[in-house]
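S.K.: Structure incoming, see below.
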Amino acid sequence: MACNGRHASLLAASAGGESTWLDLGCRPGPTDTTLLPSQEAILHCDLEDTEVSGNVTWWKDGEPLTTENFSVLLDGSLIISQREGVSIEGSYFCTIRNSFGVLQGRTGTVRLAGLPPFHLHPEPQVVSENALARFECGINGSPIPQITWQKDQVPVPSSNRIIILPSGVLQIIGVQQEDEGSYRCVAANSLSIRYSNEAQLSVKNDWKPLPDELTIVRAPQNLTVAVGESAVMECIAEGNVTPVISWYRQDGKPISFDIILLGETSLLIQQVQAHHAGVYVCRAKKPQSQHFITISAHLHVLVPPVITQPPETITRARAGTARFVCRAEGDPEPTITWLKNGEVLPSNGKVRIQPRGSLVITQVALEDAGYYQCVAENILGSICATAKLHVTVQEGLPGPPQALKSQAVTSKTVTIAWERPESNWERVVGYSLHYAKTGGSNNEEYQFAVNNNTTEFTVRYLEPGTSYTFYIVAYSQQGASRASESFVVQTLDDVPGAAPMLALSSDSPEDLHVKWLPLLPEMRNGQITKYRIEYCAQRDGVVSVLEVGGNETQVTLSSLQPNTFYKVRIGAATTAGYGIPSNWVVYRTLDRINLTQVDQTPIQMQVIAHTDSLLVSWQLPHPDFQVTGYKLYYRMGCPIFSHNISCPRKEQSDWDVGPIKLKKKRKQYDLVHLTPGQLYQVKLVAYNKKQEVQTVMWEGRTRQIPVSPPDLIDQKIPPLPPSHIQVTPNSSSSMLVRWRKPIISSKIVKYTVRCGPSAAKNASMFTYHNSVYEEILITGLKPYTRYEFAVQSSGAGVDGPYSNIVEKMTLPDRPSSAPADLVLQPLSQFSVQVHWRPPVESHGIIVQYLLMYTANKSHPDEMWTVLTKEGSTFSAEVDGLQSGTKYYFKMGAKTVSGWGPYSSVVEVETLPPRPPDVLDMNSVTGIIVGVCLCLLCLLLCMCASFQQGKQRDAGSDLVSRSTRGPSSYQRARQGSCSQTHCQDSHELETLMPPAQEDTPSLPAPDLLGSHSLVINPPTEDKNQVKVKVGTCRHGGIRGLLKIKRNIII
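Taking full-length UniProt numbering, the leading residue of the sequence shown gets 1, the next gets one more, and so forth.
Have a look at this one:
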């Protein structure tokens, strides 16, 4: 039954009439309720993930409810009303489904009130006067009934001598004649009232003195109660003097103040709590003496489960490892169950539930995302806690490996091949190969890391004839791909590792029934295809063979000789052939005269061989096996030096020693003073008063004395190494190593596990760990490191060889160091070049780098600017910065397990701004002044030329006085001296002849106020500016104008 709506807080009011409510969310609280007639129950589904609305569904006894007989409120609460013909008693729970997943609440129980009949009635009593009378009754009810007592159908009178205990006990101390009468127990609850049978109390007046010794009349009983219930401990003693009763705790702690003393002898705990648990001692002491006696009882307090460490919501990248830790306490210790989206999560394959309850999921995939709930439960109820698993996937990841192929090479070896992913295959840096047994439950998943330079891997140390499921994941620097399609491979069969256990019986003189048990799965080494039974009369030795199918478990041997000893053995076969047969079991067929059927289930006999003794032990097949005693025989077989010659066959009755008669309680015997390395035959005969019941034979050799120098005579035979070595990564720094005890071995006192990095050449790099069990957790390893393991068996004073090496890589972890050699170099005013190297201790493949920078070092990390780079990148250019500003940089690296620490902060300053291309005021002023000077000079030159032209015109009448200068000058002025004709222009300072005395001086025009332009003979004057005048090709006059600098200024 579903209801759409938000699951809100607890409902406080009912739909009408009296009601009771239960919260079946994950919060602590009761999960059971009892309904009185016409009372209804309201069940709330208030789960923790309240930020998302969802679809609420209610379930009863594992089936979804229908809306016909139940109603649901808008907030998802379920109303259970009592209706005729509708059964409402049962177990209820709710689920809420939203876009992320499914949540399930606790399971609650709804019962109808009831008061069944008494299961314990008071018994009639006859007591002496002043003695103790005690009546007891017992009844169960819901709600729990209250017990009272009646005498002659009226309530018992109130008296110091009459004590009514909540447990349903009536004590009458110092019985008097008026206490005679009929007593009955009255039980009442809110539903009904019931009366027990009446019990008569008779008081005798033949008073007899009590003995001097103290006696415990009523001893306290061991109690087991739940928290919140009441507990009563009775202690009644008597003697010729009324004893003094006292109580104390055995652990020395003081008795709590909330414990009440009822009467003078009994303890009452009205609200039992966990701290009340313990052993309470009742001490009865005779007054005015040192004589006392004690009696104790244990109070066991049941505590509902409490989750002390709930799981936390986590986010993991695909192919990562998710760990949810859940710790719970209670009494009894609660069992922890994990739910994923409301379904029970079994421990199988990549999902492992550890012994203390933590959940580990390896190779996380997108479909693993959802709600995970830890449910802790004991007999008092359950409690749950919820966490989410988010799975992230980055862009550009490789696709899954393709075209997986497999080939079973041997019974323990399989070769797996695959092709590269179709997309982004060039980014692949490695693969991981995963496999687990197919079918069954609690199968552990194993994995191997494979380099990217190969697409083939051989898996060894598998079990013969077993199906395994494989899949492969590709890895890049950014993360992992999706898992490939899984496929199943079956290893080849091997011969069985043991023989079946035989059981013989007979019901006629000529028949023998042979029965056997199928081999254990770990000993089959494949599918058993057939069995071979070998049998023969012990005297003639001609062996007959009978083969039956692999699904048979019994066969009947017919046409045998009566009253004849036959020996039988069996072997099992797979497609690889037969394994070792069982030991011969000797059986004597029935005599035609005595056809009494005898149970011939074989006696299990074991013989442990030493150098000079044989320890024979045996066990009856079942306790009802009728045996009066045993007879033990033994004899020497072929001498130790006659292995290659035939030995004369000894008759059945020819035994060197025997019979050694042993009682039926005897289960072992030591045959001593034997020859080392000698073949012996041992026979054990079980008999009863009528006949010999069964005979068991054993044949074998005592141990050889090692051939060694005199000082090594006492050297012991080393045990074989363990088998089935399994190494499982438990975390990034620990490995769980398991093994099996060798099938044939002497007593092993310890195991030694050798651990070291793969291909290590220095012996100091190996560590050694001892264990007396067949497993050990190796800790202190480095993350993401391949280690090799070997296990050694050690006997008493002797060590065996190490087993084959098994290699395994620890799980990756977060980097423990930051990226190294962080170097910053400014490229421009707005960019910086960053270089780095991978962390020294990366603990895995770096999939991403985090580059953080800021201009304010005091800012928290969340205010720094963040850049992410791929794990294969070792440099980056950071742009968009401000010029001439100091920046602070730090880096972190990430593996599939998470981020490592940040590097130390490194600072860099961007380049300062360049000078602008525009000119300053001084330069502009200089340019303007220069241009003005040039224009002024040009203007002065033009004015001077114009003035000189006027003077030449005015002085034309003076030609006679000056024959050269003026005319030459005039010609020079009149001549055209273009640039094309002035080719040999040069500076002349004295070419012009000095003026004649009769030549009048020419007036200089007043150009700049008081300044004048003067033509003087050339003289050295640093304050003069020379002006070159070119000479035309036609003989023009050259002159030099010198203009004083002060005139220009």
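For glycine and all other residues, C-beta sits at the position ideal for the given N, C-alpha and C.
Remember, predicted model here, so these are calculated numbers, not experimental data.
Pair every Cβ in the stretch 766-780 with every Cβ in the stretch 692-699, then say whether three or more of these pairs are closer than 8 Å.
M.R.: No, they do not touch.
S.K.: Count the CB pairs spanning the stretch 102-121 and the stretch 150-162 that are closer than 8 Å, and state whether there are at least three.
M.R.: Touching, no, given that fewer than three Cβ pairs across the two stretches are closer than 8 Å.
S.K.: In the DSSP assignment, find the unbroken alpha helix (DSSP H) run with Pro-521 in it and report its ends.
M.R.: Here the alpha helix (DSSP H) through Pro-521 covers 521-524.
S.K.: At which residues does the beta strand (DSSP E) containing Leu-911 begin and terminate?
M.R.: From DSSP, Leu-911 is part of no beta strand (DSSP E); its letter is neither H nor E.
S.K.: Give me the Cα-Cα distance between Pro-237 and Asn-378, rounded to the nearest whole angstrom.
M.R.: The question names Pro, but residue 237 is Ala in the sequence shown. Rounded to the nearest angstrom, the two C-alpha atoms are 38 Å apart.
S.K.: Could you have a look at Glu-238 and say whether DSSP puts it in helix, strand or coil?
M.R.: Strand, per DSSP.
S.K.: In the stretch 757-826, which residue ranges form an unbroken beta strand (DSSP E) of at least 3 residues, counting only runs that do not cross its ends?
M.R.: The stretch 757-826 contains these whole beta strand (DSSP E) runs: 767-771, 775-778, 786-795, 798-802, 806-809, 820-826.
S.K.: With burial defined as no fewer than 16 other Cβ atoms inside 10 Å of the residue's Cβ, what is the status of Lys-683: buried or exposed?
M.R.: By the 10 Å Cβ count, Lys-683 comes out buried.
S.K.: Quick one: what does DSSP say Ser-731 is sitting in, helix, strand or coil?
M.R.: The answer is strand: DSSP assigns Ser-731 an E or B state.
S.K.: Using the Cα positions of Thr-34 and Thr-315, report the straight-line distance between them to the nearest angstrom.
M.R.: Answer to the nearest angstrom: the Cα atoms are 43 Å apart.
S.K.: With H, G and I counted as helix, E and B as strand and the rest as coil, what does DSSP make of Cys-755?
M.R.: It is a strand residue.
S.K.: Can the beta-carbon of Gln-477 be found less than 9 Å from the beta-carbon of Val-429?
M.R.: Closer than 9 Å, so yes.
S.K.: CA-CA distance, Val-753 and Arg-738?
M.R.: Going from the Cα of Val-753 to the Cα of Arg-738 covers about 10 Å.
S.K.: In its own chain, which residues sit with a C-beta less than 6 Å from the C-beta of Gln-171, not counting the 5 before and 5 after it?
M.R.: Correct list, in chain order: Arg-134, Ile-163.
S.K.: Does Ala-855 come out as helix, strand or coil in the three-state DSSP assignment?
M.R.: DSSP places Ala-855 in coil when its eight states are reduced to three.
S.K.: Note the first and the last residue of the continuous beta strand (DSSP E) segment covering Phe-292.
M.R.: Run containing Phe-292: 292-309, per the beta strand (DSSP E) assignment.
S.K.: What runs of the beta strand (DSSP E), each 3 residues or longer, lie entirely inside the stretch 475-541?
M.R.: For the stretch 475-541, whole beta strand (DSSP E) runs of length 3 or above, ordered along the chain, are 487-490, 502-505, 512-516, 530-537.
S.K.: Is the CB-CB distance between Leu-366 and Arg-318 below 9 Å?
M.R.: Contact flag set, yes.
S.K.: What are the uninterrupted segments assigned as beta strand (DSSP E) that are 3 or more residues long and contained completely in the stretch 130-184, given in chain order?
M.R.: The stretch 130-184 contains these whole beta strand (DSSP E) runs: 133-136, 146-151, 162-165, 169-172.
S.K.: Val-225 and Leu-165: beta carbons closer than 9 Å?
M.R.: For Val-225 and Leu-165, no; Cβs fall outside 9 Å.
S.K.: My output table needs one value for Ser-38: the three-state DSSP class, helix, strand or coil.
M.R.: Coil.
S.K.: Apart from the five residues just before and just after His-610, which ones in its own chain have a Cβ nearer than 7 Å to its Cβ?
M.R.: Cβ within range, chain order: Thr-702, Arg-703.
S.K.: Spell out a yes or no on whether the stretch 341-349 and the stretch 419-427 are touching, meaning 3 or more CB-CB pairs, one atom from each, closer than 8 Å.
M.R.: No, the stretch 341-349 is not in contact with the stretch 419-427.
S.K.: So, with DSSP's three-state summary, where would you put Arg-837?
M.R.: Residue state, collapsed to three classes: strand.
S.K.: With distances taken from CA atoms, which of Lys-782, Leu-736, Gly-797, Arg-786 is nearest His-769?
M.R.: When each option's Cα is compared against that of His-769, the closest is Leu-736.
S.K.: Assuming Thr-20 is part of the beta strand (DSSP E), what are its boundary residues?
M.R.: Start and end: 19-23.
S.K.: Please report the straight-line C-alpha distance between Glu-426 and Ala-893, rounded to a whole angstrom.
M.R.: Roughly 22 Å separates the two Cα atoms.
S.K.: Below 9 Å between beta carbons: does that hold for Glu-774 and Tyr-751?
M.R.: Yes, the Cβ-Cβ distance between Glu-774 and Tyr-751 is below 9 Å.
S.K.: Within the continuous beta strand (DSSP E) that includes Asp-670, where are the two ends?
M.R.: Its beta strand (DSSP E) spans residues 668-671.
S.K.: Which same chain residues, not among the five before or five after Ser-19, have their C-beta less than 7 Å away from its C-beta?
M.R.: Here the set comprises Gln-39, Glu-40, Ala-41, Ile-42.
S.K.: Considering Cα atoms alone, identify which of Leu-674, Tyr-566, Met-501 is closest to Thr-553.
M.R.: Selected option, being the one with the closest Cα: Met-501.
S.K.: Whole-angstrom Cβ separation of Tyr-461 and His-434, contact assumed at under 8 Å?
M.R.: About 16 Å separates the two Cβ atoms, so there is no contact after all.
S.K.: Could you tell me which of Ser-897, Ala-876, Pro-901, Val-832 sits nearest to Asp-861, measuring between CA atoms?
M.R.: With distances taken between Cα atoms, Asp-861 lies closest to Pro-901.
S.K.: Could you name the residues that DSSP lists as bridge partners for Pro-64?
M.R.: Beta-bridge pairing links Pro-64 to Trp-59.
S.K.: What's the call for Asn-804, buried or exposed, on a 16-neighbour Cβ count within 10 Å?
M.R.: Asn-804 should be labelled exposed.
S.K.: Do Val-169 and Glu-136 have their C-beta atoms within less than 9 Å of each other?
M.R.: Taking 9 Å as the Cβ cut-off, Val-169 and Glu-136 qualify as a contacting pair.
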